[in-house]
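2 protein chains.
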Amino acid sequence: MAGTQEEVYRASTYAPVNIAVIKYWGKKNVELNTPTNSSLSVTLSQDDLRTHTTALCSVETAKDSLTLNGKDQDISGARTQACFRELRALRKELESKDASLPKLADMKLKIVSENNFPTAAGLASSAAGFAALVRAIANLYQLPSSPADLSRIARQGSGSACRSLFGGYSAWEQGSQADGSDSAAYEVAPASHWPEMRAAILVASAEKKDVSSTAGMQLTVATSPLFQERIKNVVPKRMKAMEKAVHDRDFESFAALTMKDSNNFHACCMDTFPPIFYMNSTSHAAIRLCDAINAAADKTVCAYTFDAGPNAVVYYLAENETQVAGAIKAVLGDKTGWEDKRGQSIKAAGTPLPNTEAATETLKKGISRVILTSVGDGPRKTDQHLC
Amino acid sequence: MAGTQEEVYRASTYAPVNIAVIKYWGKKNVELNTPTNSSLSVTLSQDDLRTHTTALCSVETAKDSLTLNGKDQDISGARTQACFRELRALRKELESKDASLPKLADMKLKIVSENNFPTAAGLASSAAGFAALVRAIANLYQLPSSPADLSRIARQGSGSACRSLFGGYSAWEQGSQADGSDSAAYEVAPASHWPEMRAAILVASAEKKDVSSTAGMQLTVATSPLFQERIKNVVPKRMKAMEKAVHDRDFESFAALTMKDSNNFHACCMDTFPPIFYMNSTSHAAIRLCDAINAAADKTVCAYTFDAGPNAVVYYLAENETQVAGAIKAVLGDKTGWEDKRGQSIKAAGTPLPNTEAATETLKKGISRVILTSVGDGPRKTDQHLC
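Going line by line, the protein sequences match chains F and U.
In this text, residue positions in the first sequence follow UniProt numbering: the first is 1, and each later residue adds one.
In this text, residue positions in the second sequence follow UniProt numbering: the first is 1, and each later residue adds one.
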């Protein structure tokens, strides 16, 4: 049906957050937003953390706009513009092949987004945000593009957003083409392959970020001598090992690689000049608590990882919930996050783990809330429109 | 004069602390105590920080013993024993060539040591301690050994002690011989070459060390993939550049290398598995204060460095005392350490530096005292005996 002047077109989606276990840090080409190394992440459940986005267009729409949690966002930046431009080009192509299609590519876009989690908490909100934006517009334009195709576009908005086009375990292949055309995400395994993966996010009390990740990563590329070793040797080996760990559902390997890669990334931040500190004493305490949990279990039952901020994300398997989440609840049971059915069903450990007094005290002071979640699926189409 | 049964032989020395600007971290051969990389340090003035040691022997001395600050120390460890053994062998050699010499090598040794600074504060006390022990026994034995020869012995006691056999700017050449015979210290430049070097030590409130440096460094060697890059490429380049900076009295180069090498060393600690954190939020705040001092001066007038603990050592030149120590005094003027003539003559900066509110607050809480010192000379013989 051809669109009439009165017609309003809209499409909505939910998109998930992902938390990398092999980290993205460093751009090879700033303009194309291609990375210095491949990365791999776990997509988290949209029941707990998600961006909800509606894309709308009509001939009446006066200008391109983006609202996030009720606030107008600046969309003049090259990253957002690149997403709009690429998606419109794909729509234009469809329209040029089928004259019956409404001319959506020529209409202005109104994008309305809402996160169900605090945007500023450092919870990879830009990844979910750009994944949702690209997916919503692709739905609106009825593009036949695959998630991999869309991931290439989302990558230009925010690097790690490309991995949020997939559920489960997804990777971002850095690519080698000069135009960035092979720098896209792919599914390593769907959530159903290893659905037992859980995550407890320990949200640190709001503190201003040391350096934005965009500025920080390029400072690392420019000044850290250790970073070259990371991208040339450390990450390529670990990517292979991590894919294997996921395929084999080998939690101990997954966990060791996850912790080591987080440490390696933060080591490169410290080797940056001037040095960048994203972890603080609360983060160090979270590491010590995980060390103590693993020591008590006499095997690796949990793995910490930290993005460009002090929040700890602790991965564990459902079968070890008592040992891991129970030990966390014993320390942080009075924080927000244990109220729902899942949180209530976790029994706090009765006795404190050995040598965790200092870490416990620091965590009680430094963590403001806990979010319990799990591996989840990719973007979900919805008829719940925000405009 | 041959010793009679009643004769008591004694010799005493002072030995200085040194704080590395290219760090020692990692043993190549644990038994020989040879390092994975060369290192370079500034010897600090014994007017401020020193170990005072008396070595005594007589036929009446019943057993080898070592007292530090009035407390008996365990000397059964291989490190202390190696020092005793090597020094006795050298004495034995002298005695075998000159029958008139008293047979000191066969007598037991009583060593009494005192530090004029808190031993547990993480102020390289073992470096000054072993340098003093070796120097005092060498004096007692009237050995003709050079400081380089003695440094090879002191190295076996505590690696970084070898650099405290020299004043000024000294380096520890890692060596390549299998028996460790070329792993010794040498003088890069005497204190008189660049006497304007000052150091402000910001002593962090007592906190238990994360991991001992002996255990920590071998964990780094065994587990950090970035560490190999440090020892193979990063340090060799920086050693050359640092020697040049000292020879040229080029403070800006000296400072940049000092800060980068400290960061690089702590990055390798973080890349260790499990990760080691020696710096804490107080240390991070000290870095930010130094960054602010340099930014305000619009050139590099100070350099931070951190050993295996949270204390900051800030190097600067006498000519920039107001800009550096004055800015530190503005933040930490109420702590111990400013009482003497030197401290009183430093004028605290009147207005706080931009963007240092958070760092100031953290430093006020986390630093317990300040020690103002400067580059100094090597071990000094003394007739003040402690026993």
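All C-beta atoms, glycine included, are put in the ideal place defined by N, C-alpha and C.
None of these values were measured; they are calculated from a predicted model.
Residue range of the beta strand (DSSP E) that includes residue i
{"i": "L202/F", "result": "M197 to A204"}
{"i": "E173/F", "result": "Y169 to E173"}
{"i": "residue 447/F", "result": "A query on residue 447/F cannot be resolved here, the shown segment of chain F reaching from 1 to 387 and no further."}
{"i": "C57/F", "result": "R50 to S58"}
{"i": "E229/U", "result": "Careful: E229/U lies outside any beta strand (DSSP E), inside the alpha helix (DSSP H) at P225 to E229."}
Buried or exposed (CB count within 10 angstroms, at least 16 for buried), residue i
{"i": "K23/F", "result": "buried"}
{"i": "I371/F", "result": "buried"}
{"i": "K260/F", "result": "buried"}
{"i": "C162/F", "result": "buried"}
{"i": "K63/U", "result": "exposed"}
{"i": "residue 398/U", "result": "Any property of residue 398/U remains undetermined from this structure, which presents chain U solely from 1 to 387."}
{"i": "V30/U", "result": "exposed"}
{"i": "H247/F", "result": "exposed"}
{"i": "P144/F", "result": "exposed"}
{"i": "Y48/U", "result": "The amino acid occupying residue 48/U in the given sequence is Asp; Tyr does not appear at that position. Per the 10 Å Cβ criterion, buried."}
{"i": "E319/F", "result": "exposed"}
{"i": "N18/U", "result": "buried"}
{"i": "F205/F", "result": "Strictly speaking, residue 205/F in this sequence is Ser, with Phe absent from that position. Under this definition S205/F is an exposed residue."}
{"i": "T258/F", "result": "buried"}
{"i": "D182/U", "result": "exposed"}
{"i": "D291/U", "result": "buried"}
{"i": "S192/F", "result": "exposed"}
{"i": "Y14/F", "result": "buried"}
{"i": "A2/F", "result": "Confidence is the limiting factor: at A2/F the pLDDT is only 48, short of 50, which leaves the residue's position unreliable and the question unanswerable from this model."}
{"i": "T282/F", "result": "buried"}
{"i": "P354/U", "result": "exposed"}
{"i": "Q174/U", "result": "buried"}
{"i": "G366/U", "result": "buried"}
{"i": "D179/F", "result": "exposed"}
N-terminal and C-terminal residue of the alpha helix (DSSP H) that residue i is part of
{"i": "S151/F", "result": "P147 to G157"}
{"i": "L68/U", "result": "Note, L68/U: premise wrong, no alpha helix (DSSP H); beta strand (DSSP E) at S65 to L68."}
{"i": "K364/U", "result": "E357 to G366"}
{"i": "V211/F", "result": "Run containing V211/F: none; DSSP gives neither H nor E here."}
{"i": "S253/U", "result": "F251 to M270"}
{"i": "H247/U", "result": "V235 to H247"}
{"i": "I346/U", "result": "It is not in any alpha helix (DSSP H) - I346/U carries neither H nor E in the DSSP assignment."}
{"i": "L353/F", "result": "Premise fails: L353/F is in no alpha helix (DSSP H) and is neither H nor E."}
{"i": "S281/U", "result": "S281 to A297"}
Beta bridge counterpart(s) of residue i as assigned by DSSP
{"i": "S45/F", "result": "In DSSP, S45/F forms no bridge with anything."}
{"i": "L372/F", "result": "A200/F"}
{"i": "P35/F", "result": "K27/F"}
{"i": "C302/F", "result": "Y316/F"}
{"i": "D74/F", "result": "Answer is none; D74/F lacks a bridge partner."}
{"i": "K381/F", "result": "T13/F"}
{"i": "L40/U", "result": "I22/U and A171/U"}
{"i": "V331/U", "result": "According to DSSP, which records beta bridges pairwise, V331/U is partnered with nothing at all."}
{"i": "V8/U", "result": "S58/U"}
{"i": "A184/U", "result": "E173/U"}
{"i": "A336/U", "result": "According to the sequence displayed, residue 336/U carries Thr and not Ala. In DSSP, T336/U forms a bridge with R369/U."}
{"i": "A189/U", "result": "Y169/U"}
Check: residue i C-beta below 7 Å from any heavy atom of the ligand ATP
{"i": "R342/F", "result": "Among the components of this structure there are no ligands whatsoever, and the ligand ATP is therefore not found."}
Interface flag, residue i vs chain C, CB-CB below 8 Å
{"i": "P310/U", "result": "The structure shown contains no chain C; the protein chains it does contain are F and U."}
Write down every uninterrupted run of the beta strand (DSSP E) in the region 86–129 of chain F whose length is 3 residues or greater and which is fully enclosed by it, in chain order. Counting only runs of 3 or more, we get 108–115.
Beta carbons nearer than 9 Å to chain F: which residues of the region 264–289 of chain U have them? Here the close residues are N264, H266, A267, C268, C269, M270, D271, T272, F273, P274, P275, F277, M279, N280, S281, H284, I287 and R288.
Give me the subset of the region 227–252 of chain F whose CB atoms are less than 8 Å from a CB atom of chain U, sorted by chain position. Taking 8 Å as the Cβ-Cβ cut-off against chain U, the residues of the region 227–252 of chain F that qualify are Q228, E229, R230, N233 and V234.
Which of the residues in the region 71–105 of chain F, read from start to end, lie with their CB under 8 Å from any CB of chain U? Those residues of the region 71–105 of chain F that come within reach of chain U (Cβ to Cβ, closer than 8 Å) do not exist; the list is empty.
Using Cβ-Cβ distances below 8 Å, what residues of the region 289–302 of chain F are close to chain U? Cβ contacts with chain U: D291.
Short-range partners of chain F found in the region 349–367 of chain U, where Cβ spacing is below 9 Å: Taking 9 Å as the Cβ-Cβ cut-off, the region 349–367 of chain U approaches chain F at A358, given in chain order.
Just by C-beta distance, which residues in the region 40–73 of chain F are closer than 8 Å to chain U? Within the region 40–73 of chain F, no residue has a Cβ lying closer than 8 Å to any Cβ of chain U.
What residues from the region 133–160 of chain F come within 8 Å of chain U, judged by C-beta to C-beta, listed N to C? Of all residues in the region 133–160 of chain F, none is placed with a Cβ closer than 8 Å to any Cβ belonging to chain U.
Report the residues of the region 179–199 of chain U with a CB closer than 8 Å to any CB of chain F, ordered along the chain. Against chain F - using a Cβ distance shorter than 8 Å - the region 179–199 of chain U contributes no residues.
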